[in-house]
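Chains A and B, in that order, are what the protein sequence lines are. Taken in order, the first sequence gives residues 54 to 537; the numbers are from our numbering. Taken in order, the second sequence gives residues 54 to 537; the numbers are from our numbering. All C-beta atoms, glycine included, are put in the ideal place defined by N, C-alpha and C. One structure is given below, encoded as structure tokens.
Protein chains: 2
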Amino acid sequence: MNMATGGRQADNIYDVVVIGGGPVGTNVADRARAGGLSVALVEKELVGGECQYRACVPSKALLRPVVAVADARRVEGALEAVGRPVDAAATFERRNRFVSNWHDDETAGWLKGIGARLVRGHGRLDGPRQVAVDTLDDGRLVLSARQAVAVCTGSRAAVPDLPGMAEARPWISRDATSASTVPERLAIVGGGGVGVEMSTAWQGLGASVTLLVRGQRLLPRMEPFVGEMVAQYLSEAGVDVRTGVSVIAVSRPGGTGPVTLVLDDGHELEADEVLFATGRAPLTDDIGLETVGLTPGAWLDIDETCRVRAISDGWLYAMGDVNHHALLTHQGKYQARIGGDAIAARAAGRPLDTAPWGAHAITADSYAVPQVFFCDPEATAVGLSAEQAERAGHRVRAVDVDLGQVEGALEYADGYRGRARMVVDLDRGYLLGVTFVGPGVAELLHSATVAVAGQVPVHRLWHAVPCFPSISEVWLRLLEAYRG
Amino acid sequence: MNMATGGRQADNIYDVVVIGGGPVGTNVADRARAGGLSVALVEKELVGGECQYRACVPSKALLRPVVAVADARRVEGALEAVGRPVDAAATFERRNRFVSNWHDDETAGWLKGIGARLVRGHGRLDGPRQVAVDTLDDGRLVLSARQAVAVCTGSRAAVPDLPGMAEARPWISRDATSASTVPERLAIVGGGGVGVEMSTAWQGLGASVTLLVRGQRLLPRMEPFVGEMVAQYLSEAGVDVRTGVSVIAVSRPGGTGPVTLVLDDGHELEADEVLFATGRAPLTDDIGLETVGLTPGAWLDIDETCRVRAISDGWLYAMGDVNHHALLTHQGKYQARIGGDAIAARAAGRPLDTAPWGAHAITADSYAVPQVFFCDPEATAVGLSAEQAERAGHRVRAVDVDLGQVEGALEYADGYRGRARMVVDLDRGYLLGVTFVGPGVAELLHSATVAVAGQVPVHRLWHAVPCFPSISEVWLRLLEAYRG
Numbered sequence: 054m055n056m057a058t059g060g061r062q063a064d065n066i067y068d069v070v071v072i073g074g075g076p077v078g079t080n081v082a083d084r085a086r087a088g089g090l091s092v093a094l095v096e097k098e099l100v101g102g103e104c105q106y107r108a109c110v111p112s113k114a115l116l117r118p119v120v121a122v123a124d125a126r127r128v129e130g131a132l133e134a135v136g137r138p139v140d141a142a143a144t145f146e147r148r149n150r151f152v153s154n155w156h157d158d159e160t161a162g163w164l165k166g167i168g169a170r171l172v173r174g175h176g177r178l179d180g181p182r183q184v185a186v187d188t189l190d191d192g193r194l195v196l197s198a199r200q201a202v203a204v205c206t207g208s209r210a211a212v213p214d215l216p217g218m219a220e221a222r223p224w225i226s227r228d229a230t231s232a233s234t235v236p237e238r239l240a241i242v243g244g245g246g247v248g249v250e251m252s253t254a255w256q257g258l259g260a261s262v263t264l265l266v267r268g269q270r271l272l273p274r275m276e277p278f279v280g281e282m283v284a285q286y287l288s289e290a291g292v293d294v295r296t297g298v299s300v301i302a303v304s305r306p307g308g309t310g311p312v313t314l315v316l317d318d319g320h321e322l323e324a325d326e327v328l329f330a331t332g333r334a335p336l337t338d339d340i341g342l343e344t345v346g347l348t349p350g351a352w353l354d355i356d357e358t359c360r361v362r363a364i365s366d367g368w369l370y371a372m373g374d375v376n377h378h379a380l381l382t383h384q385g386k387y388q389a390r391i392g393g394d395a396i397a398a399r400a401a402g403r404p405l406d407t408a409p410w411g412a413h414a415i416t417a418d419s420y421a422v423p424q425v426f427f428c429d430p431e432a433t434a435v436g437l438s439a440e441q442a443e444r445a446g447h448r449v450r451a452v453d454v455d456l457g458q459v460e461g462a463l464e465y466a467d468g469y470r471g472r473a474r475m476v477v478d479l480d481r482g483y484l485l486g487v488t489f490v491g492p493g494v495a496e497l498l499h500s501a502t503v504a505v506a507g508q509v510p511v512h513r514l515w516h517a518v519p520c521f522p523s524i525s526e527v528w529l530r531l532l533e534a535y536r537g
Numbered sequence: 054m055n056m057a058t059g060g061r062q063a064d065n066i067y068d069v070v071v072i073g074g075g076p077v078g079t080n081v082a083d084r085a086r087a088g089g090l091s092v093a094l095v096e097k098e099l100v101g102g103e104c105q106y107r108a109c110v111p112s113k114a115l116l117r118p119v120v121a122v123a124d125a126r127r128v129e130g131a132l133e134a135v136g137r138p139v140d141a142a143a144t145f146e147r148r149n150r151f152v153s154n155w156h157d158d159e160t161a162g163w164l165k166g167i168g169a170r171l172v173r174g175h176g177r178l179d180g181p182r183q184v185a186v187d188t189l190d191d192g193r194l195v196l197s198a199r200q201a202v203a204v205c206t207g208s209r210a211a212v213p214d215l216p217g218m219a220e221a222r223p224w225i226s227r228d229a230t231s232a233s234t235v236p237e238r239l240a241i242v243g244g245g246g247v248g249v250e251m252s253t254a255w256q257g258l259g260a261s262v263t264l265l266v267r268g269q270r271l272l273p274r275m276e277p278f279v280g281e282m283v284a285q286y287l288s289e290a291g292v293d294v295r296t297g298v299s300v301i302a303v304s305r306p307g308g309t310g311p312v313t314l315v316l317d318d319g320h321e322l323e324a325d326e327v328l329f330a331t332g333r334a335p336l337t338d339d340i341g342l343e344t345v346g347l348t349p350g351a352w353l354d355i356d357e358t359c360r361v362r363a364i365s366d367g368w369l370y371a372m373g374d375v376n377h378h379a380l381l382t383h384q385g386k387y388q389a390r391i392g393g394d395a396i397a398a399r400a401a402g403r404p405l406d407t408a409p410w411g412a413h414a415i416t417a418d419s420y421a422v423p424q425v426f427f428c429d430p431e432a433t434a435v436g437l438s439a440e441q442a443e444r445a446g447h448r449v450r451a452v453d454v455d456l457g458q459v460e461g462a463l464e465y466a467d468g469y470r471g472r473a474r475m476v477v478d479l480d481r482g483y484l485l486g487v488t489f490v491g492p493g494v495a496e497l498l499h500s501a502t503v504a505v506a507g508q509v510p511v512h513r514l515w516h517a518v519p520c521f522p523s524i525s526e527v528w529l530r531l532l533e534a535y536r537g
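Set out below in structure tokens:
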């Protein structure tokens with residue numbers, strides 16, 4: 054094991070080479086360094102990644118003022134204090150502060166501080182344990198990895214190849230989080246997380262949003278009532294929510310002026326900007342996968358320690374979006390912690406704990422992935438939906454509670470509307486999944502995540518007393534509904 | 054077992070007689086009825102109790118508009134939308150709605166709906182298994198209990214016997230939650246939960262509040278940093294927080310005009326109203342305890358099934374504040390559920406599960422009592438503080454995290470200030486206590502309650518992934534601090 058404290062190695066040989074310096078790659082570097090390994094990390098854009106500069110962080114910076122004002126407006130006594138709409142200019146200032154005006158000095162400095170080497174450039178695998186980098190200063194560098202190469206390149210917005218797209222200059226998610234003017238009319242295509250969050254944000258900032266959803270429901274991976282409730286709130290906020298409709302062509306003649314969307318229902322829709330929030334594709338098309346026998350552009354299949362299964366001698370790891378387990382920053386960081394520790398343990402010849410829920414097994418990826426959409430209302434879930442649990446062969450019972458019956462929820466917002474579901478494994482007596490949708494439930498989700506990941510038996514949950522009058526008393530109602 | 058569905062019994066003999074119809078007594082009635090027992094419940098004031106009409110429910114109805122506005126003001130973009138102060142008149146309207154204008158028709162109707170008999174009057178024990186009631190219509194009724202009598206009379210504000218108190222007409226908690234005019238100057242005596250919550254509420258509603266605290270810190274049963282942070286926020290909101298000072302006399306000549314407080318630091322303080330929030334005393338002084346060999350005015354010592362230990366043949370139960378375990382509505386309801394089930398199981402001759410965390414043991418009272426103060430900032434804790442854990446003989450390690458270092462907290466409020474502590478039992482590897490203080494942490498507490506009551510091992514908590522960017526990522530920082 055090389056105990057070098059990082060920095061530039063004359064021979065460009067490191068224990069670990071990480072491709073991609075987002076939240077996932079930096080966490081892999083952190084754990085590998087904590088395990089005493091030398092690390093080089095290759096990043097072609099900003100250290101901190103899409104999440105920090107183009108996705109989670111700026112989107113929440115835009116959403117929070119909108120939700121804070123919406124929350125105040127839902128409370129008699131506070132409503133009267135809110136006389137004006139959300140200040141878009143101030144909100145953009147806030148967002149710019151959160152992304153450090155798109156400068157990565159702090160995160161790059163942190164990386165240096167842990168003793169990892171930052172190589173700015175485009176890294177590509179160049180045969181086993183080799184990473185060739187086209188550096189940003191037009192140089193070329195080949196890094197060698199004694200122990201492991203970790204691919205943490207993440208994903209990019211996947212945009213359909215429709216007629217007129219190039220000229221229409223559509224927004225993708227990173228545009229929607231970095232724009233500093235409010236389009237009068239904004240069309241958003243896609244009813245997943247990005248679509249609903251950006252609908253809340255931009256409608257709240259003053260745009261007239263039309264949300265176009267191909268399927269019949271929003272947030273289709275969550276329990277069906279979630280998308281229904283989010284659609285209801287969005288409509289009440291002024292968003293024109295249209296389901297069962299696809300865009301078949303776009304046009305913006307000359308690339309200026311309004312954009313026209315041609316819909317498959319025979320209508321056209323004119324807008325000032327259009328955001329395509331139609332899914333993600335892995336950023337693996339140009340990272341040299343072909344040099345190690347893998348398919349460029351594919352998701353990477355990994356084992357419980359984050360090793361790419363197809364590489365027989367186990368030097369290649371893939372954490373974060375690229376492994377397609379869960380396209381969520383926090384889940385990628387979880388994989389990074391565990392995978393990084395696994396790399397360090399293997400390098401030191403220490404035994405690994407790969408049993409379920411062990412220190413070197415990403416078990417939560419299979420059973421306890423949590424997710425919060427910070428739209429209004431907040432939409433949250435962990436584990437399996439009732440349908441997913443049944444499809445996976447579990448014998449389950451799902452119970453629902455109307456959050457409007459919970460005193461703490463009514464205290465939080467007048468006329469509170471929200472819903473909760475708990476999915477119980479009848480054979481094992483613990484929870485497989487929990488869903489909450491409603492204002493102010495974002496922080497409540499972690500109680501469910503602890504219960505699901507901890508496999509806390511239902512009979513023990515009766516002893517986890519929720520405070521009165523908080524929204525968390527929904528737990529009591531869920532337990533009563535399950536007993537009843 | 055009498056399977057009567059309740060209602061009036063000609064002979065006034067019931068399986069269970071409950072004295073006190075607050076949230077605790079009604080839950081005892083509910084569980085006893087669910088177990089097939091006949092129930093009479095005696096209440097001299099409003100069914101639903103102090104909590105519903107004079108404490109938790111109206112206080113949170115007053116607090117929420119204040120906190121919602123404070124939350125919005127802490128967010129750039131939302132701040133600009135808030136042009137006016139909280140509307141006190143609208144807030145009082147809101148509060149009145151939450152307490153149904155102090156009418157109990159709904160709760161009384163619910164009680165009837167579950168088949169329990171409501172006897173309106175003052176109930177007193179009258180020897181074993183007997184309860185004599187002076188009814189509100191000046192009648193007298195003697196109820197007999199085949200199985201159990203449950204004392205659920207709760208507590209009242211305890212006010213010091215200072216010179217001038219009678220004439221000064223001080224507020225107690227129920228006055229502070231039911232007032233409908235804002236005093237220009239409000240003095241609040243006592244730095245516990247009522248004192249800090251009412252400081253937040255009334256300062257936010259427009260009063261100039263002076264908070265007088267005898268000891269050196271606020272919320273003295275929580276980790277020391279909690280009271281410090283609450284004092285800091287209260288001061289910034291305009292509250293004059295004074296610690297280490299006692300009131301030795303009060304005067305309001307003729308009972309009108311301003312009230313003057315004489316302090317032990319040699320100063321006097323003039324105010325328009327004064328609230329004494331100086332603790333609680335059990336409502337057991339006039340319930341006939343002497344007729345069964347117990348001391349009137351004492352707290353009642355109970356076993357793990359809520360039976361009063363001093364009563365040898367086990368027919369007397371005491372749930373809620375009167376047993377002095379935890380003066381919290383939710384904990385009283387917990388005791389009510391478990392005690393009520395124990396009564397039903399014993400009546401049916403079914404075996405009881407009184408092992409720790411069993412269905413008939415109030416184990417959480419000893420290990421996992423949660424508490425949220427809905428002041429600004431929210432102050433929350435579950436289980437033991439570091440000091441309490443050490444005093445109880447546990448070998449522990451406590452780790453702290455500055456919530457201002459958590460991205461999700463910064464997204465929630467600009468310049469977020471808050472703090473968290475986790476107390477780990479080093480021998481058992483699970484958590485004994487967790488504390489969070491800061492804006493927006495009220496719903497986060499239940500994650501800690503599930504972890505503490507579930508005794509989820511620390512190594513498993515690493516698999517309970519907190520969502521990014523939510524405040525719950527503090528869990529990650531706590532785990533890292535513990536590992537580090």
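Out of curiosity, what's the CA-to-CA distance linking residue i and residue j?
{"i": "A:Glu460", "j": "B:Pro118", "result": "16 angstroms"}
{"i": "A:Ser525", "j": "B:Pro223", "result": "34 angstroms"}
{"i": "A:Gly268", "j": "A:Val422", "result": "24 angstroms"}
{"i": "B:Met54", "j": "B:Gln62", "result": "Only weak support exists for where B:Met54 lies, its pLDDT of 37 falling under 50; the coordinates are left without a value."}
{"i": "A:Gln90", "j": "A:Ala398", "result": "A small fix is needed here, since residue 90 of chain A is Leu in this sequence, not Gln. Straight-line Cα distance between these residues: approximately 10 angstroms."}
{"i": "B:Leu381", "j": "B:Thr144", "result": "24 angstroms"}
{"i": "A:Val92", "j": "A:Gly341", "result": "20 angstroms"}
{"i": "B:Ala125", "j": "B:Gly493", "result": "11 angstroms"}
{"i": "A:Thr79", "j": "A:Val95", "result": "10 angstroms"}
{"i": "B:Gln256", "j": "B:Gly244", "result": "15 angstroms"}
{"i": "B:Ala57", "j": "B:Ala203", "result": "Residue confidence is low: B:Ala57 scores 43 on pLDDT, short of 50, so the model does not pin down where it sits. Its coordinate-derived value is still stated next. B:Ala57 and B:Ala203: Cα-Cα distance of roughly 19 angstroms."}
{"i": "A:Val487", "j": "A:Val435", "result": "6 angstroms"}
So if DSSP puts residue i in a beta bridge, which residue, or which two residues, is it bridged to?
{"i": "B:Pro44", "result": "Examination of residue 44 of chain B is not possible in this model, given that chain B is present from 54 through 537 alone."}
{"i": "A:Leu239", "result": "A:Val262, A:Glu326"}
{"i": "B:Glu460", "result": "Its beta-bridge partners do not exist; DSSP assigns none."}
{"i": "B:Thr296", "result": "B:Val266"}
{"i": "A:His175", "result": "A:Asp187"}
{"i": "A:Trp255", "result": "Answer by DSSP bridge pairing: none, since A:Trp255 is not bridged."}
I'd like the span of the alpha helix (DSSP H) that includes residue i, first residue to last.
{"i": "B:Ile391", "result": "382 to 401"}
{"i": "B:Tyr106", "result": "102 to 107"}
{"i": "B:Ala185", "result": "Counting along the chain, B:Ala185 falls outside any alpha helix (DSSP H), though it belongs to the beta strand (DSSP E) covering 183 to 188."}
{"i": "A:Ala290", "result": "277 to 290"}
{"i": "B:Val135", "result": "Note, B:Val135: premise wrong, no alpha helix (DSSP H); not H, not E."}
Hey, would you say residue i sits closer than 9 angstroms to residue j, going by beta carbons?
{"i": "B:Thr206", "j": "B:Arg238", "result": "no"}
{"i": "B:Ala395", "j": "B:Thr344", "result": "no"}
Which first and last residues belong to the beta strand (DSSP E) in which residue i is found?
{"i": "B:Ala538", "result": "Outside the displayed span of chain B (54 to 537) sits residue 538 of chain B, for which this structure offers no information."}
{"i": "A:Ala93", "result": "92 to 96"}
Give a single yes or no on whether residue i has its beta carbon closer than 8 angstroms to a heavy atom of the ligand SAM.
{"i": "B:Arg472", "result": "The ligand content of the structure shown is nil, which means the ligand SAM is not present either."}
Give me the Cβ distance between residue i and residue j, rounded to the nearest whole Å; I'm assuming they're in contact under 8 angstroms.
{"i": "B:His378", "j": "B:Asp418", "result": "4 angstroms"}
{"i": "B:Leu196", "j": "A:Cys520", "result": "No, B:Leu196 and A:Cys520 are not in contact; Cβ-Cβ is about 34 angstroms, not under 8 angstroms."}
{"i": "A:Gly324", "j": "A:Val315", "result": "In the sequence on display, residue 324 of chain A carries Ala and not Gly. In fact, because the Cβ distance is near 12 angstroms, the residues do not count as touching under 8 angstroms."}
{"i": "A:Asp354", "j": "A:Arg362", "result": "5 angstroms"}
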